[in-house]
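I have placed the structure first, in the form of structure tokens, so that the comments after it can refer back to it.
Residue numbers (this note's numbering): 88 to 298.
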């Protein structure tokens with residue numbers, strides 16, 4: 088994920104649009120061309136509904152896709168009509184192809200000395216609403232131990248950092264981490280240390296089944 092994509096996703100978008108980009112289109116896109124496999128309504132419906140949505144119609148999904156097109160996050164490879172079914176249509180991710188640090192895109196296995204990229208960690212944590220942007224040795228150790236047991240898995244530095252942010256966010260929500268955190272002038276008792284506003288609630292981790 089590069090800075091251009093992060094800035095676009097930080098705009099006032101529907102949460103389901105962000106979920107589609109981050110968890111449906113982006114992981115499946117060809118890293119050289121930005122092209123995605125043909126669109127599959129059923130897969131999208133299952134993804135969104137697994138996080139609590141109630142999507143039953145293709146035209147509901149179309150609204151989220153059209154929003155991503157309007158923000159230039161998605162680009163159809165063929166001419167489409169707003170009222171047509173988009174099943175089987177191929178899209179590309181134009182902003183994905185922006186030049187980024189090669190070190191962040193090179194795929195590799197995790198190792199016992201792995202640490203998240205600080206800048207990427209801050210950006211992703213901000214995007215998904217994690218307030219306390221430091222982490223404990225225990226949180227890092229649990230994450231590394233989990234993935235050391237899966238040596239066949241290789242991801243880019245950005246993807247490893249994303250997975251770590253999602254891991255600590257999910258873990259802190261489950262544990263009710265930092266119950267007396269202060270948000271602005273309002274004290275929120277017995278809440279996880281994650282702020283969910285109109286642009287970030289129901290993001291990513293609700294749809295992410297594992298670390």
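In this text, a Cβ means the ideal position worked out from N, Cα and C, and glycines have one as well.
Out of 222, 155, 236 and 172, the CA that lies nearest to the CA of residue 196 is found in 236.
For residue 150, the uninterrupted alpha helix (DSSP H) segment begins and ends at 145-157.
The alpha-carbon separation between residue 117 and residue 93 amounts to approximately 19 Å. The three-state secondary structure of residue 195, taken from DSSP, is strand. Per DSSP, the unbroken alpha helix (DSSP H) holding residue 130 starts and ends at 128-136. In terms of Cβ geometry, residue 107 and residue 155 form a close pair [threshold 8 Å]. Restricting attention to 205, 228, 227 and 194, the CA atom closest to the CA of residue 244 is found in 194. In this structure, residue 121 keeps its C-beta atom at 8 Å or more from the C-beta atom of residue 214. Here DSSP, grouped into helix, strand and coil, assigns residue 217 to strand. For residue 91, the uninterrupted alpha helix (DSSP H) run begins and ends at 90-96, by DSSP. Measuring C-alpha to C-alpha distances from residue 238 to each of 252, 98, 199 and 124 identifies 199 as the nearest. Annotated three-state conformation of residue 99 is coil, per DSSP. Within a 10 Å sphere around the beta-carbon of residue 148 sit 16 or more other beta-carbons, which makes this residue buried. Between the alpha carbons of residue 160 and residue 224 lies a distance of about 36 Å. Beta-bridge annotation (DSSP): residue 243 is paired with 194.
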